[in-house]
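Asks: As numbered in my numbering, residues 35 to 578 make up the sequence shown, in order. Positions of the beta carbon are idealized from the N, C-alpha and C atoms, including for glycine. Here it is: the structure, laid out below.
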Amino acid sequence: MSNLPEQDRPKMEPDTPEQPGNQLDSLINEDGEDLNSEFQNSTIFSKPVYKDKRPATNKTVRNIIVSFAVLVVLVAALFLVVKFIPDAGDDASSDTVGQILLTEVSVDDISRITIKNVYDNFILYPEQDSQASDTGRDWYIEGVDKNLIDTYSTLSTVQRAAKVYAVRTMGETDADYGLDNPLTVINVECIDSQNSYTLSIGNVAPDNSGSYAKISTDDKVYLLDTSTVGNFNVDRTHFADINMVSPIEKTDANSQYFDVNNKLVKFDYVTFEGTNFPQRMKFIPNPYNTMVPYFLVEPVKQNVTEETFSNVLSVVASGLIADGAYVLHPTADQIKEYKLDKPEAVITFKVGEQTVVIKASKAENSYYAAMVNDVPVIYKLSTSSLGFAESKPVDFFSPVVLMEDITTVDNLRVKSGNQDITFKLTHKTADDSTSILEVRSGDIPVNADQFRNFYLHLLTISPMEFKTEPPSGEHVATITVTLTDTSREPIVLDFYRYSDRRYLITTNGNTLGLVTSAKIDKILTYAQNLINGLEVPDPTMTAD
Numbered sequence: 035m036s037n038l039p040e041q042d043r044p045k046m047e048p049d050t051p052e053q054p055g056n057q058l059d060s061l062i063n064e065d066g067e068d069l070n071s072e073f074q075n076s077t078i079f080s081k082p083v084y085k086d087k088r089p090a091t092n093k094t095v096r097n098i099i100v101s102f103a104v105l106v107v108l109v110a111a112l113f114l115v116v117k118f119i120p121d122a123g124d125d126a127s128s129d130t131v132g133q134i135l136l137t138e139v140s141v142d143d144i145s146r147i148t149i150k151n152v153y154d155n156f157i158l159y160p161e162q163d164s165q166a167s168d169t170g171r172d173w174y175i176e177g178v179d180k181n182l183i184d185t186y187s188t189l190s191t192v193q194r195a196a197k198v199y200a201v202r203t204m205g206e207t208d209a210d211y212g213l214d215n216p217l218t219v220i221n222v223e224c225i226d227s228q229n230s231y232t233l234s235i236g237n238v239a240p241d242n243s244g245s246y247a248k249i250s251t252d253d254k255v256y257l258l259d260t261s262t263v264g265n266f267n268v269d270r271t272h273f274a275d276i277n278m279v280s281p282i283e284k285t286d287a288n289s290q291y292f293d294v295n296n297k298l299v300k301f302d303y304v305t306f307e308g309t310n311f312p313q314r315m316k317f318i319p320n321p322y323n324t325m326v327p328y329f330l331v332e333p334v335k336q337n338v339t340e341e342t343f344s345n346v347l348s349v350v351a352s353g354l355i356a357d358g359a360y361v362l363h364p365t366a367d368q369i370k371e372y373k374l375d376k377p378e379a380v381i382t383f384k385v386g387e388q389t390v391v392i393k394a395s396k397a398e399n400s401y402y403a404a405m406v407n408d409v410p411v412i413y414k415l416s417t418s419s420l421g422f423a424e425s426k427p428v429d430f431f432s433p434v435v436l437m438e439d440i441t442t443v444d445n446l447r448v449k450s451g452n453q454d455i456t457f458k459l460t461h462k463t464a465d466d467s468t469s470i471l472e473v474r475s476g477d478i479p480v481n482a483d484q485f486r487n488f489y490l491h492l493l494t495i496s497p498m499e500f501k502t503e504p505p506s507g508e509h510v511a512t513i514t515v516t517l518t519d520t521s522r523e524p525i526v527l528d529f530y531r532y533s534d535r536r537y538l539i540t541t542n543g544n545t546l547g548l549v550t551s552a553k554i555d556k557i558l559t560y561a562q563n564l565i566n567g568l569e570v571p572d573p574t575m576t577a578d
């Protein structure tokens, strides 16, 4: 409800149609006053101005073309639906949607299966074997070494050929279904020839629900689901035994290579060669220290990280399973095609009387083409299965430089500039079987506890970055550790200036990596402290 005074409201107009004309002519109040003057300058009651629309010829033509195109697509789709996907009321397909048994024969009755498809053409045949599957027969492929075949895989295909289902009946044979020139043909021969049949598979249905097929026992066209078609749309490599390397098993002859848990932990040697390895890498069990069980002897001598090398040894300890096969019985040209005539990696494992040689080259993203020993198969192997096939020596280096127990040390020499100090260690056993350590430097007795602290500092030397290039900077110091076991050569640590804050360390002439110069300088000072009877801080209680 308005709050305006009643007399200010305009009078209601009669219920008669308004005549055309200027509405301002009727703006007279009840006192007869002309209100037009109040609205002369107003635009509220002005006639709207309409602009003429531009011709829409182009847009109209475009809409007609688009509509016609959509109509053509709809008509084509309707034709495909009517033509290839039968209606539920169609006499040819009524009550036939679902599981339609096309054929069923006994696996024992099948004597031979020939499969022809766009990938291959091969024949499956059985052989009697008392150790075989439930049927007592193993299935193989003509022309392929039996040892290369996974007989569980071949039996699975035979079982699927023995009983075939369709999901829909399509009608009479028609070239539009692709059955005049089928993509796949499965010919099943039975001992009882009346059970033999041929299954032909043609085009894929427009809705991708399967493929059209025809069986020789009738004239109808059926729709097979994609999984059924996939069972036969394979080549002979689908049946390859992909157990590429079997685990080495413990025997009386090789028991020394296994631990108490029957796990393979030792070997004679493992070598890495090939184009990825300009210098051969050779690993052996560590002859010096059981705390680090593996040792690199070529191209340099270094302790090896156990966890890293265990991944290598697992190939023969746990076995190696490929992801598939590229070629069975490859020719020389095929071996060259997969670059296995000059492989990128050749990894050899020697364990007792057994030798395993793996050759590998990159075939595609994330996969190697690989061969093992003289097995005539080019396997498809994921790069993660041979994650070490492109490794460098530094990838195996152990960060531990010195790990010998102090009880195994006979003497220790520290030489740097004018400093040349040798500590002679004597190990005794007390009546209560406790160890007694005596240390002297020439005629000077050295506090054994302080020397233990010094030796602990040596044990904490560890490279912050691995290197392999030979030293080129100034020689700073040499620390030589001679062991009580005279069959072992002394451990010689040399330090060379690499930068203002880094020394390059070598072990027995082999470059290992970079260490902080401050740490080594402290160790040299601590050696002098021992001679002077000064304290050497316990490294477990202080930080460098």
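Is any beta-carbon of chain C found at less than 8 Å from that of residue 340?
Replies: Looking for chain C here will not work: only one protein chain is present.
Asks: Throw me the rounded Cβ distance for the residue 351 and residue 420 pair, which I believe falls under 8 Å.
Replies: Taking the sequence shown and counting its residues from 1, one reaches residue 351 at position 317. Taking the sequence shown and counting its residues from 1, one reaches residue 420 at position 386. Rounded, the Cβ-Cβ distance is 15 Å, inconsistent with contact.
Asks: If residue 310 sits next to residue 423, beta carbons under 8 Å apart, how far is it from one beta carbon to the other, in whole angstroms?
Replies: Translated into the one-based positions of the sequence shown, residue 310 becomes position 276. Translated into the one-based positions of the sequence shown, residue 423 becomes position 389. The pair is a contact, with the Cβ atoms about 7 Å apart (cut-off 8 Å).
Asks: Quick check on residue 506: buried or exposed, where buried means 16 or more other Cβ atoms within 10 Å of its Cβ?
Replies: In the sequence shown, residue 506 corresponds to position 472, counting from 1. Classification of residue 506: exposed, given that the 10 Å Cβ count is below 16.
Asks: Out of 213, 174, 178, point me to the one whose CA is closest to residue 186's CA.
Replies: Numbered from 1 along the sequence shown, position 152 holds the residue referred to as residue 186. Out of 213, 174, 178, 174 has the C-alpha closest to the C-alpha of residue 186.
Asks: Provide the residue(s) that pair with residue 276 in DSSP beta bridges, ordered along the chain.
Replies: The count along the sequence shown starts at 1 and reaches residue 276 at position 242. DSSP lists no partner for residue 276.
Asks: Count the C-beta pairs between the stretch 342-351 and the stretch 247-262 that are closer than 8 Å, then say yes if the count reaches three, no if not.
Replies: Not touching, per the Cβ criterion.
Asks: Three-state secondary structure (DSSP) at residue 366?
Replies: Translated into the one-based positions of the sequence shown, residue 366 becomes position 332. The answer is helix: DSSP assigns residue 366 an H, G or I state.
Asks: With residue 457 and residue 342 assumed to form a contact (beta carbons below 8 Å), what rounded beta-carbon distance in angstroms separates them?
Replies: The residue labelled residue 457 in the question sits at position 423 within the sequence shown. The residue labelled residue 342 in the question sits at position 308 within the sequence shown. The pair is not a contact, with the Cβ atoms about 34 Å apart (cut-off 8 Å).
Asks: Report yes if the CB atom of residue 445 is closer than 8 Å to the CB atom of residue 459, and no otherwise.
Replies: Within the sequence shown, the letter at position 411 stands for residue 445. Within the sequence shown, the letter at position 425 stands for residue 459. In this structure, residue 459 lies closer than 8 Å to residue 445 by Cβ.
Asks: Would you mind sorting residue 567 into buried or exposed? The rule is 16 or more other CB atoms within 10 Å of its CB.
Replies: Start at 1 with the first residue of the sequence shown, and residue 567 comes out as number 533. By the 10 Å Cβ count, residue 567 comes out exposed.
Asks: With C-beta atoms as the reference, is residue 385 less than 8 Å away from residue 318?
Replies: Here residue 385 is taken as the residue at index 351 of the sequence shown, counted from 1. Here residue 318 is taken as the residue at index 284 of the sequence shown, counted from 1. No, the pair does not count as a contact, with Cβ atoms beyond the cut-off.
Asks: I think residue 224 touches residue 172, with their Cβ atoms under 8 Å apart; what is that distance to the nearest whole Å?
Replies: The count along the sequence shown starts at 1 and reaches residue 224 at position 190. The count along the sequence shown starts at 1 and reaches residue 172 at position 138. Wrong, their Cβ atoms sit about 18 Å apart, outside the cutoff.
Asks: For residue 204, count the other beta carbons within 10 Å of its own beta carbon; 16 or more makes it buried, fewer makes it exposed. Which is it?
Replies: Taking the first residue of the sequence shown as position 1, residue 204 is located at position 170. The residue is buried, with at least 16 neighbouring Cβ atoms inside 10 Å.
Asks: Who pairs with residue 315 in a beta bridge, going by DSSP?
Replies: The residue you call residue 315 lines up with position 281 of the sequence shown. Paired residues: 306.
Asks: Are residue 250 and residue 235 closer than 8 Å when you measure CB to CB?
Replies: As a position in the sequence shown, residue 250 is number 216, starting the count at 1. As a position in the sequence shown, residue 235 is number 201, starting the count at 1. Their beta carbons are not under 8 Å apart, which means residue 250 does not touch residue 235 by this criterion.
Asks: What do you get for residue 498, buried or exposed, if any count of 16 or more other CB atoms within 10 angstroms of its CB means buried?
Replies: Taking the sequence shown and counting its residues from 1, the one referred to as residue 498 is at position 464. With fewer than 16 other Cβ atoms within 10 Å, it is exposed.
Asks: When you compare only the Cα positions, how much space is there between residue 472 and residue 480?
Replies: Sequence index remark: in the sequence shown, residue 472 carries index 438 (1-based). Sequence index remark: in the sequence shown, residue 480 carries index 446 (1-based). Taking the straight line joining both Cα atoms gives about 8 Å.
Asks: Residue 463 bridges to which residues according to DSSP?
Replies: Start at 1 with the first residue of the sequence shown, and residue 463 comes out as number 429. Answer by DSSP bridge pairing, in chain order: 469.
Asks: Please look up how many angstroms separate the CB atoms of residue 355 and residue 405, rounded, as I've assumed it's under 8 Å.
Replies: Within the sequence shown, residue 355 is the residue found at index 321, counting from 1. Within the sequence shown, residue 405 is the residue found at index 371, counting from 1. With 8 Å as the limit, residue 355 and residue 405 do not qualify as a contact, their Cβ atoms being about 15 Å apart.
Asks: Between residue 242 and the rest of its own chain, which residues show a CB-CB distance below 8 Å, the 5 nearest in sequence each way excluded?
Replies: Taking the first residue of the sequence shown as position 1, residue 242 is located at position 208. The residues are 260.
Asks: Does the beta-carbon distance from residue 572 to residue 487 come in below 8 Å?
Replies: Here residue 572 refers to the residue found at position 538 of the sequence shown. Here residue 487 refers to the residue found at position 453 of the sequence shown. Yes, they are a contact pair.
Asks: Is it the case that the stretch 390-398 contacts the stretch 325-339, given that we only count it when at least three CB pairs across the two stretches are under 8 Å?
Replies: No, because fewer than three Cβ pairs between the stretch 325-339 and the stretch 390-398 fall closer than 8 Å, the two stretches do not touch.
Asks: Rounding to the nearest angstrom, what Cα-Cα distance links residue 491 and residue 557 in this structure?
Replies: Position 457 of the sequence shown, counting from 1, holds the residue named residue 491. Position 523 of the sequence shown, counting from 1, holds the residue named residue 557. Between residue 491 and residue 557, the C-alpha separation is close to 7 Å.
Asks: Using a Cβ-Cβ cut-off of 7 Å (strictly less than) and excluding sequence neighbours within five positions of residue 162, which residues of its own chain qualify?
Replies: The residue you call residue 162 lines up with position 128 of the sequence shown. Correct list, in chain order: 170, 171.
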